[in-house]
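FYI, the numbering for the sequence shown is -8 to 101, going by my numbering.
Every residue gets a Cβ at the ideal spot worked out from N, C-alpha and C, and that includes glycine.
So the structure is just underneath, and the comments pick up after that.
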Amino acid sequence: MAQKIVTVYTDDLTGSESEEVQTHTFALDGVNYEIDLVADNYDKLFEALAPFIEKGRKVGRTRGVARSRGGATDGPTAEELRAWARKNDLEVNDRGRVPASIREAYRAAH
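Right under this line is the structure:
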């Protein structure tokens, strides 16, 4: 008997399926939240929070903030990944989450 396990990644905001879904965390009033979003919806979240982030005070990072689906908290920054992708002729946006395909290509190359 063969068994096949299929993982489906779904954007929590729209319910759409995508391989580019990433997990994001944020906190409000001492409650930590986690949401799975595609890059466009993450941009919407970030733009909505931007005025508050700009005026707020940083109190440090909590463990797990840099976590992504199945990834560790260490590794290259988004800027480093974008620079590497461009150097290797891969298409990547200037903002938003770096696609999982770019992160995987980076890991495979290193």
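CB-CB under 7 angstroms to residue i, same chain, minus the five flanking residues each way: which ones, in chain order?
i	result
S176	This structure cannot settle anything about residue 176, because the visible part of the chain is limited to -8 through 101.
L72	V89, I93, R94 and Y97
Around the C-beta of residue i, are 16 or more other C-beta atoms found within 10 angstroms, so that it is buried, or is it exposed?
i	result
V(-3)	exposed
A100	exposed
N23	exposed
Q13	buried
Taking the alpha carbon of residue i as the point to measure from, which residue in the options has its own alpha carbon closest?
i	options	result
G51	A18, A39, E71 and Y97	A18
Identify whether residue i lies in helix, strand or coil by the three-state DSSP scheme.
i	result
A63	The pLDDT assigned to A63 is 45, lower than 50, so where the model puts this residue is not dependable; a value taken from the coordinates is nonetheless given after this. Looking at A63 - three-state DSSP - the assignment turns out to be coil, as it is neither helix nor strand.
K33	Looking at the sequence provided, one finds Tyr at residue 33 rather than Lys. Y33 falls in the helix class under three-state DSSP.
L44	The residue you asked about is not Leu; residue 44 is Ile in the sequence shown. It is helical.
Who are the Cβ neighbours of residue i in its own chain at under 8 angstroms, not counting the five residues just before and after it?
i	result
A69	R88 and V89
Hey, quick one: how far does the alpha helix (DSSP H) through residue i stretch, first residue to last?
i	result
A96	A91 to A100
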